[in-house]
Amino acid sequence: MIHTIENDYLRVSVDDHGAELCSIFDKVHNREVIWQADPAYWKRHAPVLFPNVGRHFEDHYRINGVEYPSSQHGFARDSEFTCVDMTADSITHRLKSSDATRENYPYDFELKIKHVLEKNQVSVCWEVISLNDETMYFTIGGHPAFNVPAGGIGSQEQYHLTFDGRDSLSYLLIDISSGTAVADKAYTLELENGSCLIDAHMFDKDALIFDDQIEKAGIAFPDGTPYVELICHGFPSFGIWSVPGSPFVCLEPWMGRCDDFGFKGELPEKKYINTLDKDEIFTASYEIKIY
Numbered sequence: 379m380i381h382t383i384e385n386d387y388l389r390v391s392v393d394d395h396g397a398e399l400c401s402i403f404d405k406v407h408n409r410e411v412i413w414q415a416d417p418a419y420w421k422r423h424a425p426v427l428f429p430n431v432g433r434h435f436e437d438h439y440r441i442n443g444v445e446y447p448s449s450q451h452g453f454a455r456d457s458e459f460t461c462v463d464m465t466a467d468s469i470t471h472r473l474k475s476s477d478a479t480r481e482n483y484p485y486d487f488e489l490k491i492k493h494v495l496e497k498n499q500v501s502v503c504w505e506v507i508s509l510n511d512e513t514m515y516f517t518i519g520g521h522p523a524f525n526v527p528a529g530g531i532g533s534q535e536q537y538h539l540t541f542d543g544r545d546s547l548s549y550l551l552i553d554i555s556s557g558t559a560v561a562d563k564a565y566t567l568e569l570e571n572g573s574c575l576i577d578a579h580m581f582d583k584d585a586l587i588f589d590d591q592i593e594k595a596g597i598a599f600p601d602g603t604p605y606v607e608l609i610c611h612g613f614p615s616f617g618i619w620s621v622p623g624s625p626f627v628c629l630e631p632w633m634g635r636c637d638d639f640g641f642k643g644e645l646p647e648k649k650y651i652n653t654l655d656k657d658e659i660f661t662a663s664y665e666i667k668i669y
């Protein structure tokens, strides 16, 4: 079931399946902002990545010597959530651990996803509750895809990625065969006045991974005016991705990310891992601002 809230600026819809943000319709400019999941390119809109962002090396991980299988981006995006609260400006979903989730993730948890609408902005709020006696480990991330070009304005290669006040950024690429980060070779994204054009070949090698640099990133129209901005204070990692030749771009705020290539340590040793002790609550949120 899809739930919808709206105000004078935006109409926002969220699906029970994956608690996935499936539409931000800009009422002011009469255009859809979120990618509408054309399976010819990519069948999702804005999946929630949990309990892992990206892939583990060789698609499994270890806890206390026990090996567990894992799939890319975890199971939340393909799970049925329950809508537990809805107000005029918010929609809250919940996912609880089950026998199915325990097959490849040995922890008991509650995951709440809340979407809040305020003027021309949507906040995506995560709450993870541990129901375990031992420490729980996880990563969680956002993966919203935005229509680029927007509303028939220009071509994708005329749009800009924007990063406030930066002259350049350092990024990693992904080893395609394993889906993990090649951490020993960094590349430089050169910026002019904090922005760069979206190059047609930018995503030929999958996502660009930025560690410890980005708390705000956006997409601007060909004339330089802002289109959409994503604010994610306190997030250690950030991904930018698209399928080459497709009319969307993803801005992805991550609390943790894929393994580094060759990582064979235990899950508690993983870079950027999040931890929760019994009855602890993890919270994080990011904002999508539409111009």
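Just so you know, this note's numbering puts 659 at position 281 of the sequence shown, and the rest follows in order with no gaps.
Glycine residues also receive a C-beta, built at the ideal position from the N, C-alpha and C atoms.
Treat the numbers as computed from the prediction; the structure is a model and nothing was measured.
Would you list, in sequence order, the uninterrupted beta strand (DSSP E) runs of no fewer than 3 residues that lie entirely inside the region 417-457? 438-441 and 444-447
According to DSSP, is T479 helix, strand or coil? helix
Cα-Cα, which of V606, A585 and L551 is closest to K667? V606
Check whether the region 623-632 touches the region 542-555, taking contact to mean three or more Cβ pairs, one atom from each stretch, closer than 8 Å. no
Rank I592, E488 and T513 by C-alpha distance to the C-alpha of S476 and give the top, closest one. E488
I'd like the span of the beta strand (DSSP E) that includes V560, first residue to last. Note, V560: premise wrong, no beta strand (DSSP E); not H, not E.
Would DSSP call P622 helix, strand or coil? coil
Which listed residue (Q591, P484, D394 and G557) has its alpha carbon closest to that of T513: P484
Use the C-beta contact count for T479: other C-beta atoms within 10 angstroms, 16 or more gives buried, fewer gives exposed. buried
Buried versus exposed call for E398 [16 or more other C-beta atoms within 10 Å across all chains shown]: buried
For G452 versus L427, is the C-beta spacing smaller than 7 Å? yes
From which residue to which residue does the beta strand (DSSP E) around D463 run? T460 to T465
Taking a contact to mean a Cβ-Cβ separation below 7 Å, would you say V392 touches I469 in this structure? yes
Whole-angstrom distance between E445 and G572, CA atom to CA atom: 44 Å
With DSSP as the reference, label Q499 as helix, strand or coil. strand
Measuring straight from C-alpha to C-alpha, what distance separates F435 and S615? 18 Å
Output the boundary residues of the beta strand (DSSP E) element that contains T603. First-last for T603: undefined, no H or E at that position.
P417 vs G396 beta-carbon contact at 7 Å: no
To the nearest angstrom, how far is it from the Cα of I554 to the Cα of D584? 7 Å
Considering only C-alpha positions, which residue in the set F660, T653 and V406 is nearest to K497? V406
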